[in-house]
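Residue numbers (UniProt numbering): 1 to 243.
In this text, a Cβ means the ideal position worked out from N, Cα and C, and glycines have one as well.
Since this is a predicted model, take the numbers as computed values, not measurements.
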């Protein structure tokens, strides 16, 4: 059976904020660009912070890391805290939307939802589901799919709607990772491969919103990122985006 495939969302605050607004999230919380890892640039990020979203290029080092993580999860499973809303990914190119769903779902007490919010309904319907069931539910949830498709037309990059799906998949070499602040900083790798791998990892307790600085800075030396996220990859013109 042909896998579900969406067009990718641009890692652009205007796109992500409009996307969430269309899903019925009141704009009390907004995504903003993070322009760099230096303290003076990080100090420009409005506080408090409840989620950090990173789009980064796939590299050989990352693929090695991904394979090792996949084998580890197959062998040992992964312990996802019951308080963390976590879903698998079974839709090609839906990394951005699934990252945003994780950001909202794990901070839903902080959010103001519109009465008819389609995302609120999705979360309420799926709270008692397993991560696998949530992924399957998203495949059939038209309100989010339609909003995603509309948002994929937005932004500054060239629209990819006219590119054949088989070629499109080969051109898209980016993944999302999201950090969430609940009682802990939680790291979610939102990726798609044949094994439908997603990784949920607790990074440590933190009740201080300013701890986001250390979380971001830590990405500079993470083994999954090569080159560091502040630099452009040497073999293409794609760079990482941090929101």
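Nearest to residue i (by Cα), restricted to the options the options
i: residue 11; options: 113, 125, 34, 110; result: 34
i: residue 14; options: 123, 116, 31; result: 31
i: residue 115; options: 65, 5, 23, 8; result: 23
i: residue 264; options: 102, 82, 59, 71; result: Residue numbering for the chain in the displayed model covers 1 to 243; residue 264 lies beyond these limits and cannot be assessed.
i: residue 91; options: 61, 140, 119, 21; result: 140
i: residue 86; options: 118, 120, 126; result: 126
i: residue 82; options: 136, 50, 106, 52; result: 106
i: residue 143; options: 117, 65, 39; result: 117
i: residue 100; options: 136, 52, 28; result: 52
i: residue 109; options: 41, 38, 50; result: 50
i: residue 254; options: 67, 135, 122, 104; result: Residue 254 cannot be examined here, being either before or after the span of the chain that is shown, 1 to 243.
Cβ-based neighbour list, residue i, same chain, cut-off 6 Å, excluding 5 preceding and 5 following
i: residue 242; result: 34, 54
i: residue 26; result: 112
i: residue 148; result: 6, 97
i: residue 166; result: Only weak support is given to the placement of residue 166: the predicted model assigns it a pLDDT of 47, under 50, and the question is left unresolved by the model.
i: residue 19; result: 151
i: residue 41; result: 35
i: residue 28; result: 112
i: residue 154; result: 15
i: residue 4; result: 91, 139
Where the alpha helix (DSSP H) containing residue i begins and where it ends
i: residue 14; result: 13 to 22
i: residue 140; result: 131 to 140
i: residue 42; result: 39 to 42
i: residue 123; result: 118 to 126
Residues bridged to residue i [DSSP beta-bridge criterion]
i: residue 4; result: 91
i: residue 241; result: 55
i: residue 144; result: Looking at the DSSP assignment, residue 144 forms no beta bridge with any residue, so it has no partner.
i: residue 113; result: 25
Own chain residues within Cβ distance below 7 Å of residue i, not counting five before or after
i: residue 21; result: 27
Close Cβ partners of residue i (< 8 Å) along its chain, the five nearest in sequence each way excluded
i: residue 136; result: 90
i: residue 122; result: 101, 137, 138, 141, 143, 144
*Are the segment 128 to 137 and the segment 45 to 60 touching by the rule of at least three beta carbon pairs closer than 8 Å?*
no
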